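Enquirer:
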Amino acid sequence: MRPKVGTFAHKTGDLAEMVCSNSFRSDDDERNAVGLLHWEMRAAGSLVLEMAGRHRLPAGGALAVDREAFSRDVTAAIRANPLISVVEGEIASLPEDGTWIVATGPLTSGSLAESIRVATGAESLAFFDAIAPIVHAETIDMDVAWRQSRYDKGETEEERTAYINCPMTREQYEAFIDALLAADKTEFHEGETAGYFDGCLPIEVMAERGRETLRFGPMKPVGLTNAHARDVKPYAVVQLRRDNALGTLYNIVGFQTKMKYGAQTAVFRTIPGLESASFARLGGIHRNTFINSPTLLDDRMRLKLRPNLRFAGQITGVEGYVESAAMGMLAGRLAAAEIRGEALPPVPTTTAVGALLSHITVGADAKTFQPMNVNFGLFPPLPEARGGRRGRTDRYKGYTDRAKGDWTAWLSGQASAQAAE
Ligand SMILES: Cc1cc2nc3c(=O)[nH]c(=O)nc-3n(C[C@H](O)[C@H](O)[C@H](O)COP(=O)(O)OP(=O)(O)OC[C@H]3O[C@@H](n4cnc5c(N)ncnc54)[C@H](O)[C@@H]3O)c2cc1C
29 MRPKVGTFAH KTGDLAEMVC SNSFRSDDDE RNAVGLLHWE MRAAGSLVLE
79 MAGRHRLPAG GALAVDREAF SRDVTAAIRA NPLISVVEGE IASLPEDGTW
129 IVATGPLTSG SLAESIRVAT GAESLAFFDA IAPIVHAETI DMDVAWRQSR
179 YDKGETEEER TAYINCPMTR EQYEAFIDAL LAADKTEFHE GETAGYFDGC
229 LPIEVMAERG RETLRFGPMK PVGLTNAHAR DVKPYAVVQL RRDNALGTLY
279 NIVGFQTKMK YGAQTAVFRT IPGLESASFA RLGGIHRNTF INSPTLLDDR
329 MRLKLRPNLR FAGQITGVEG YVESAAMGML AGRLAAAEIR GEALPPVPTT
379 TAVGALLSHI TVGADAKTFQ PMNVNFGLFP PLPEARGGRR GRTDRYKGYT
429 DRAKGDWTAW LSGQASAQAA E
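Each residue of the sequence shown is one higher than the last, beginning at 29 in the numbering used here.
#1: Can you tell me which of Gly433, Met29, Met69 and Asp393 puts its alpha carbon nearest to the alpha carbon of serine 352?
#2: On the DSSP bridge assignment, give the partners of phenylalanine 157 in chain order.
#3: Enumerate in chain order the residues of its own chain whose CB-to-CB distance from lysine 286 is below 6 Å, with the five nearest sequence positions on each side excluded.
#4: Just curious, the beta strand (DSSP E) that phenylalanine 98 is in, first and last residue?
#5: Closer than 8 Å by C-beta to serine 143: which residues in its own chain qualify, once you throw out the five before and the five after it? Chain order, please.
#6: Are proline 110 and glutamine 292 touching if we call contact CB-CB under 9 Å?
#7: Confirm the yes/no value for this check: CB of isoleucine 119, any heavy atom of ligand 1, distance under 8 Å.
#8: Report back the beta-carbon spacing between glycine 341 and glycine 360 to the nearest angstrom; my notes put them in contact at under 8 Å.
#9: What residue does the alpha helix (DSSP H) around serine 139 start on, and which one ends it?
#10: Using three-state DSSP, classify lysine 261 as helix, strand or coil.
#11: Are there 16 or more other CB atoms within 10 angstroms of the CB of threonine 377, so buried, or fewer, so exposed?
#12: Could you check if valine 350 belongs to the surroundings of ligand 1, using beta carbon to heavy atom distance under 8 Å?
#13: Does arginine 100 get closer than 9 Å to chain B when you measure Cβ to Cβ?
#14: Within the present structure, is the beta-carbon of glutamate 220 separated from the nearest heavy atom of ligand 1 by less than 8 Å?
#15: Thinking just about the alpha-carbon of each residue, which of Asp125, Arg270, Ala210 and Ala158 is nearest to the one in alanine 190?
#16: Kindly examine ligand 1 and report whether one of its heavy atoms sits closer than 8 Å to the Cβ of serine 54.
#17: So is the beta-carbon of threonine 35 under 8 Å away from any non-hydrogen atom of ligand 1?
#18: Report whether the distance from the Cβ of glutamate 45 to the nearest heavy atom of ligand 1 is below 8 Å.
#19: Nearest to leucine 172 by CA position, among Thr298, Asp393, Pro409 and Phe339, is which residue?
#20: Using three-state DSSP, classify valine 76 as helix, strand or coil.
#21: With a cut-off of 8 Å on the beta carbons, I'd call alanine 305 and valine 163 a contact; round off their distance for me.
#22: Give the straight-line distance between the Cα atoms of valine 47 and serine 99, rounded to the nearest whole angstrom.
#23: Are the Cβ atoms of leucine 331 and alanine 147 separated by less than 9 Å?
#24: How many whole angstroms separate the CB atoms of alanine 196 and valine 265, which I take to be in contact at a CB cut-off of 8 Å?
#25: Alpha carbon to alpha carbon, what distance is there between valine 33 and glutamate 118?
#26: Taking the alpha helix (DSSP H) that serine 306 falls in, what are its first and last residues?
#27: Take every Cβ of the stretch 39-46, pair it with every Cβ of the stretch 81-100, and state whether three or more of those distances are shorter than 8 Å.
#28: Specify whether the stretch 363-377 and the stretch 147-156 touch according to this definition: at least 3 beta carbon pairs, one from each stretch, less than 8 Å apart.
#29: Within the same chain, show all residues whose beta-carbon is closer than 8 Å to that of phenylalanine 283, passing over the 5 residues directly before and after it, in chain order.
#30: Quick one: grab the DSSP three-state call for leucine 91.
#31: When every heavy atom of ligand 1 is checked, does at least one fall within less than 8 Å of the C-beta of leucine 153?
#32: Below 8 Å, can you find three or more Cβ-Cβ pairs linking the stretch 335-349 to the stretch 174-186?
#33: Exposed or buried, which one is proline 82 when buried takes at least 16 other CB atoms within 10 Å?
#34: Extract the residue ranges of the alpha helix (DSSP H) inside the stretch 345-429, only unbroken runs of 4 or more that lie entirely within it.
#35: On the three-state DSSP scale, how would you describe valine 266?
#36: Hey, how far is the Cα of glutamate 199 from the Cα of threonine 276?
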């Protein structure tokens with residue numbers, strides 16, 4: 029719709045505008061999940077990755093780009109493609125018929141958002157994310173933390189032990205509150221807060237409202253018994269809840285925050301049991317329109333209610349430039365295969381693209397669904413897993429080797445389906 033209709037974040041009328049950072053993050057395709065995603069996108073001929081490579085700037089191991097030249101050349105390539113017509117203008121409602129991919133991003137215009145909400149239900153569309161930090165389960169110290177649901181609620185043993193609990197003494201709690209209050213925070217952008225509501229208050233704002241607020245909120249210690257010290261009543265408890273079907277990721281319940289990333293890592297590692305935590309993603313609160321993909325989309329990214337509509341990009345509940353572009357690339361391939369009548373095998377969940385797709389469509393808990401970055405916690409575990417930091421780095425290489433083989437095979441399967449057509 030740009031430049032005819034703008035947003036608070038975009039400045040130009042060009043396609044692929046990078047609204048904030050000019051980095052596509054790590055380019056390490058051996059030991060980093062987003063680097064692996066770069067690799068898979070390059071292998072699939074991604075225009076975004078091709079242009080990022082052309083306009084790369086020195087940035088250590090990261091893939092940073094000259095944003096203006098990058099965006100200008102993506103736009104030029106799209107406009108020069110004889111099979112693509114670019115039509116500028118806002119689409120105010122979901123189209124009734126024809127094959128469509130809706131990729132209107134975190135700042136989807138109000139009228140289209142309303143149309144999506146009407147089609148999918150009020151609970152299915154969010155206008156802000158409220159992301160609590162997510163921890164790799166294997167990095168939680170279970171000699172300190174224990175598994176238990178509050179008041180042991182639940183029908184099955186799995187439900188009664190669904191949460192991981194980290195206990196705090198009074199001194200630890202007081203020090204934690206001091207650290208929260210002192211931490212560096214990010215501010216909302218101008219124009220970003222319209223529609224922001226009290227239900228997703230950052231923890232530091234809760235702490236500002238009173239030193240005891242958290243102890244009567246997300247950190248209340250009631251209904252929980254420390255399995256390592258049954259006679260000692262914790263003064264406060266931090267709870268982590270399983271975040272994916274694989275059980276490899278846990279989110280810190282109620283800990284959405286606008287603390288800066290460095291401050292988050294420092295503050296959250298003061299929590300007993302999380303001293304060595306590795307974070308799959310850190311917390312945040314942003315203006316972000318996204319649908320509840322686990323309930324709404326099928327495994328081919330189609331709206332179950334109206335399969336002629338696909339969703340792609342950040343509106344599906346992935347987070348970040350690279351993840352969004354990857355989900356756009358995949359939606360395009362899935363739509364093209366469908367139109368051409370090709371039988372495309374499912375995307376292997378062992379690949380970065382497949383792990384993301386699987387997370388948003390089936391792996392994530394629909395009730396607590398929040399946008400997700402690609403990370404190794406989304407991948408099916410490797411059979412022979414060794415513990416510790418060294419074991420983890422070896423494992424990452426194992427994940428990327430497996431992914432590259434499976435992605436190459438999937439792409440060549442698609443190529444042979446086209447040849448057979
Ligand atoms: C303020 C802000 C800062 C961000 N910073 C970063 C960052 O530093 N790093 C990072 O990785 N990610 C960042 N993101 C996330 C980033 O925007 C997305 O990851 C990525 O751009 C999403 O890609 P997309 O193609 O899904 O959507 P977009 O890139 O937003 O593209 C969607 C396009 O659709 C247009 N559109 C919306 N509604 C309509 C309509 N009704 N009709 C027609 N067109 C419409 C929009 O104007 C936009 O041009 C940020 C997001 C925001 C809002």
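Using N, Cα and C, we set each Cβ at its ideal position, and we do this for glycine too.
Since the model is a prediction, treat every value here as computed from it, not as a measurement.
Expert: Here's the rundown:
#1: Met69
#2: The sequence shown places aspartate at residue 157, rather than the phenylalanine named in the question. In DSSP, aspartate 157 forms a bridge with His314.
#3: Lys213, Thr214, Pro230 and Ile313
#4: From DSSP, phenylalanine 98 is part of no beta strand (DSSP E) but of the alpha helix (DSSP H) over 95-108.
#5: Ala120, Ser121 and Leu122
#6: no
#7: True, at least one ligand heavy atom lies under 8 Å from that Cβ.
#8: The pair is not a contact, with the Cβ atoms about 11 Å apart (cut-off 8 Å).
#9: Taken as a continuous stretch (DSSP letters only), the alpha helix (DSSP H) holding serine 139 covers 138-148.
#10: coil
#11: buried
#12: Here the distance from the Cβ of valine 350 to the nearest heavy atom of ligand 1 is below 8 Å.
#13: Absent from the structure is chain B; it holds one protein chain and no more.
#14: Ligand 1 approaches glutamate 220 closely enough that one of its heavy atoms is under 8 Å from the residue's Cβ.
#15: Comparing Cα positions, the closest option is Arg270.
#16: no
#17: For ligand 1, at least one heavy atom lies less than 8 Å from the Cβ of threonine 35.
#18: yes
#19: What sits at residue 172 in the sequence shown is valine, not leucine. When only C-alpha atoms are compared, the closest one is Thr298.
#20: helix
#21: Rounded, the Cβ-Cβ distance is 5 Å, consistent with contact.
#22: 11 Å
#23: Between leucine 331 and alanine 147, the C-beta spacing is below 9 Å.
#24: The sequence given here places methionine at residue 196; alanine does not occur at that position. Correct: roughly 7 Å between the Cβ atoms.
#25: 7 Å
#26: Element bounds for serine 306: n/a, residue is neither H nor E.
#27: yes
#28: Between the stretch 363-377 and the stretch 147-156, the count of C-beta pairs closer than 8 Å stays below three; the two stretches do not touch.
#29: Spatial neighbours of phenylalanine 283 in its own chain (CB-CB distance under 8 Å, excluding positions within 5 residues in sequence) are listed in chain order as Ala160, Pro161, Ile231, Pro246, Val266, Phe296 and Gly311.
#30: strand
#31: Here the distance from the Cβ of leucine 153 to the nearest heavy atom of ligand 1 is not below 8 Å.
#32: no
#33: At residue 82 the sequence reads arginine, which differs from the proline that was named. It is exposed - the Cβ of arginine 82 has fewer than 16 other Cβ atoms within 10 Å.
#34: Listed in chain order, they are 349-367 and 380-386.
#35: Strand at valine 266.
#36: 31 Å
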